[in-house]
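To convert, count from 1 in the sequence shown and add 8; that's this note's numbering.
Okay, structure first, notes after.
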Amino acid sequence: MKVLVATSIYPTTENPAFGSFVRTQVEYLRRAGVGVEVFRLHGRSRKLMYLEAAFELRRWLSDSSIDLVHAHYSYVGIIARTQWKVPVVVSYCGDDILGTMNELGKPTFFSRLAVIAGRILSNRADAVIVKSHEMASKLKREDVHIIPHEIDFEVFRPVEKEQARAALGLDPRKKYLLFAANPKIPVKRFPLARAVADELQRQDPSIALLAIYKEPQDRLALFMSACDALIFTSYQEGSPNVVKQAMACNLPIVSTDVGDVRDVIGATKGCYVCKPDVRQFADCLVDVLRRGVRTQGREKVKQLSGPAVAQRVIEVYEQVLSKRKGHAVDRAESKPLSAGT
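Here it is in structure tokens:
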């Protein structure tokens with residue numbers, strides 16, 4: 009089986025965290041024996057990128073023996089569906105179904121248009137993969153595959169806090185809250201995290217808030233072992249990778265009730281889902297810091313290993329290819345006999 013993974017999100021030298029989950033999935037698919045080529049969309053500008061990609065995709069498909077295109081993100085899926093030569097599987101990431109939030113937690117105008125386009129696409133794709141039940145509920149299609157992104161357990165693993173802090177040059181006496189996202193992205197709601205940290209610092213000056221992003225996965229994993237808790241304040245998410253990665257590192261988590269967070273953390277001691285309220289967040293974090301122990305989160309998310317998720321994705325590929333092959337046979341059998349036979 010040869011698959012072309014088409015994506016506009018993929019790690020770069022400048023931002024090794026950008027689309028790292030796509031690269032991780034590609035690596036595990038290859039380990040499972042799937043022949044994977046990566047078509048990363050480029051363009052001189054974002055407006056031209058998708059137009060140029062449509063022509064480049066056709067060149068890929070005319071010059072190679074690709075069996076299937078797996079598009080990550082709905083915009084890329086639309087480009088992939090401009091052809092019908094090979095089947096298309098679309099993985100939705102979250103805001104392409106749920107919308108992109110502004111500073112007030114409301115979907116932006118253009119994201120609403122993108123959501124409409126993404127929902128139309130879902131009925132044109134050969135198969136659809138989403139990350140959570142909430143995302144699946146937004147699509148008018150019954151055969152949606154709910155497959156959260158895998159966790160690279162080789163990278164995200166518990167390390168002794170003292171060892172991790174020494175490697176990162178962090179103060180061994182402080183209590184660190186980790187905000188693992190770009191504070192400038194409105195949907196991440198950094199002002200709430202900042203307000204919670206300020207409230208806690210008035211009680212305990214040793215508490216510090218670390219906003220970490222654009223870090224390679226191995227360094228992010230170290231920060232998760234070095235910090236005392238993950239503070240996750242998003243307005244909205246599909247299936248946030250950092251929450252699952254924090255679970256794999258046994259890092260306590262305090263989060264808003266978004267995406268599949270409640271399902272992921274379950275009844276894990278030291279992890280809390282709460283309202284987007286400064287006082288409630290602060291109270292939960294006080295309890296986490298007072299206890300000062302790691303969680304058993306890694307055991308809770310073991311089903312999200314790279315090999316396990318890759319196998320589920322491969323099963324989607326096989327279903328699509330089997331269905332396509334069946335249709336080809338049906339067409340051949342229904343073809344009228346030519347004269348003289």
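All residues carry an ideal CB built from backbone N, CA and C; glycine is no exception.
How would you label residue i, buried or exposed, when you count the other beta carbons within 10 angstroms and need 16 or more for buried?
i           : result
residue 43  : exposed
residue 22  : exposed
residue 245 : buried
residue 318 : buried
residue 29  : buried
residue 47  : buried
residue 274 : exposed
residue 31  : buried
residue 271 : exposed
residue 128 : exposed
residue 90  : exposed
residue 340 : Because the pLDDT of residue 340 is 46, which lies under 50, any placement of that residue in the model is unreliable, and the number read from its coordinates should be weighed accordingly. By the neighbour-count rule (16 or more Cβ atoms within 10 Å), residue 340 is not buried but exposed.
residue 333 : exposed
residue 108 : buried
residue 158 : buried
residue 331 : exposed
residue 104 : buried
residue 173 : buried
residue 236 : buried
residue 73  : exposed
residue 113 : exposed
residue 52  : No answer about residue 52 holds up, because its pLDDT of 45 lies below 50 and its placement is not dependable.
residue 15  : buried
For residue i, which of the options has the nearest alpha-carbon?
i           : options            : result
residue 201 : 187, 214, 211, 233 : 187
residue 143 : 241, 184, 99       : 99
residue 130 : 225, 101, 112      : 101
residue 165 : 324, 87, 315, 230  : 230
residue 197 : 116, 182, 111, 155 : 111
residue 160 : 257, 304, 10       : 257
residue 93  : 114, 69, 115       : 69
residue 211 : 298, 156, 128, 115 : 298
residue 316 : 225, 194, 36, 251  : 36
residue 293 : 191, 27, 209       : 209
residue 133 : 74, 61, 149        : 149
residue 276 : 199, 27, 309       : 309
residue 13  : 181, 76, 67, 60    : 76
residue 329 : 214, 135, 248      : 135
residue 96  : 213, 40, 81, 103   : 81
residue 4   : 155, 207, 119      : Outside the modelled stretch of the chain, which goes from 9 to 349, sits residue 4, for which no answer is possible.
residue 17  : 10, 26, 139, 11    : 26
residue 138 : 20, 19, 78         : 78
residue 10  : 153, 45, 33, 40    : 45
residue 234 : 167, 193, 192      : 167
residue 214 : 183, 195, 20       : 183
residue 19  : 40, 185, 63, 49    : 49
residue 62  : 40, 87, 41, 218    : 87
residue 221 : 207, 192, 199      : 192
residue 194 : 228, 115, 181      : 115
residue 147 : 106, 170, 181      : 106
residue 119 : 83, 153, 152       : 83
Identify whether residue i lies in helix, strand or coil by the three-state DSSP scheme.
i           : result
residue 105 : helix
residue 43  : strand
residue 157 : coil
residue 32  : helix
residue 281 : strand
residue 63  : helix
residue 81  : coil
residue 72  : coil
residue 14  : strand
residue 183 : strand
residue 38  : helix
residue 48  : strand
residue 331 : helix
residue 338 : In this prediction, residue 338 has a pLDDT of 48, which is less than 50 and means its spatial position is unreliable; what the coordinates show is noted afterwards. In the structure shown, residue 338 sits in a helix (DSSP, three-state: H, G or I).
Using 8 Å as the limit for Cβ to Cβ distance, is residue i near chain B?
i          : result
residue 73 : No chain B is part of this structure, which consists of one protein chain only.
Does the beta carbon of residue i fall short of 7 Å from some heavy atom of the ligand MG?
i           : result
residue 111 : Among the components modelled here there is no ligand, and therefore nothing to report on the ligand MG.
(request) May I ask you to verify whether the stretch 237-247 touches the stretch 171-178, counting CB pairs closer than 8 Å and requiring at least 3? (result) no
(message) So, does the stretch 260-268 touch the stretch 115-135, judging by three or more C-beta pairs under 8 Å?
(response) no
(message) Quick check on the DSSP output: what are the complete beta strand (DSSP E) runs of length 3 or more inside the stretch 93-140, in order along the chain?
(response) 96-99, 135-138
(request) Tell me the start and end of each unbroken alpha helix (DSSP H) in the stretch 190-262 that is at least 4 residues and wholly inside, in chain order. (result) 198-211, 225-234, 249-256
(request) Count the CB pairs spanning the stretch 199-217 and the stretch 286-302 that are closer than 8 Å, and state whether there are at least three. (result) yes
(request) May I ask you to verify whether the stretch 302-312 touches the stretch 248-255, counting CB pairs closer than 8 Å and requiring at least 3? (result) yes
(request) Check whether the stretch 267-274 touches the stretch 133-149, taking contact to mean three or more Cβ pairs, one atom from each stretch, closer than 8 Å. (result) yes
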